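Worksheet: one structure, shown below.
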Amino acid sequence: MVGNTSSVKWLSGRPGIGEYRINWGPGIRLYLMQDGDELIILLCAGDKSTQDKDLDNTEKYCRCYLEEKRSK
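Under this note's numbering, the first residue of the sequence shown carries the number 25, and numbering increases by one thereafter.
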């Protein structure tokens, strides 16, 4: 079960991708997706200055995850 995801902001411009903010240093953003009852951390994080690039990479990782899952 996923549990409480109230701290995750689901991004309207990037369907299926959520952002979890960590208030440390410049403000770290951790990107994730939900797959059924699991949260999948997409190993892509950064701060506000790299957000657009990080989100582009996050979308690629999301697609790769789903393709890999389908191929099994």
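Glycine is no exception: its CB is placed at the ideal position from the N, C-alpha and C atoms.
On a predicted model such as this, the values are computed, not experimentally measured, just so you know.
Next on the checklist: The alpha helix (DSSP H) that contains R106, what's its start and end?
Outcome noted: The chain is shown only over 25 to 96; residue 106 falls outside these bounds and no answer can be derived.
Item to check | Residue from Y85, C86, Y55, G49 whose Cα sits closest to the Cα of A69 | outcome: Residue 69 sits at position 45 when you count from the first residue of the sequence shown. The residue with the shortest Cα to Cα distance from A69 is Y55.
Item to check | 8 Å contact criterion, which W48 and G42 should meet: CB distance rounded | outcome: What you label residue 48 is simply residue 24 of the sequence shown in a count that begins at 1. What you label residue 42 is simply residue 18 of the sequence shown in a count that begins at 1. Rounded, the Cβ-Cβ distance is 18 Å, inconsistent with contact.
Item to check | 8 Å CB neighbourhood of I52 in its chain, flanking five on each side removed | outcome: The count along the sequence shown starts at 1 and reaches residue 52 at position 28. Cβ within range, chain order: R45, I46, A69, G70, D71.
Checklist entry - Below 9 Å between beta carbons: does that hold for T29 and L63? => result To locate residue 29, count along the sequence shown from 1; it is residue 5. To locate residue 63, count along the sequence shown from 1; it is residue 39. The answer is yes: Cβ separation under 9 Å.
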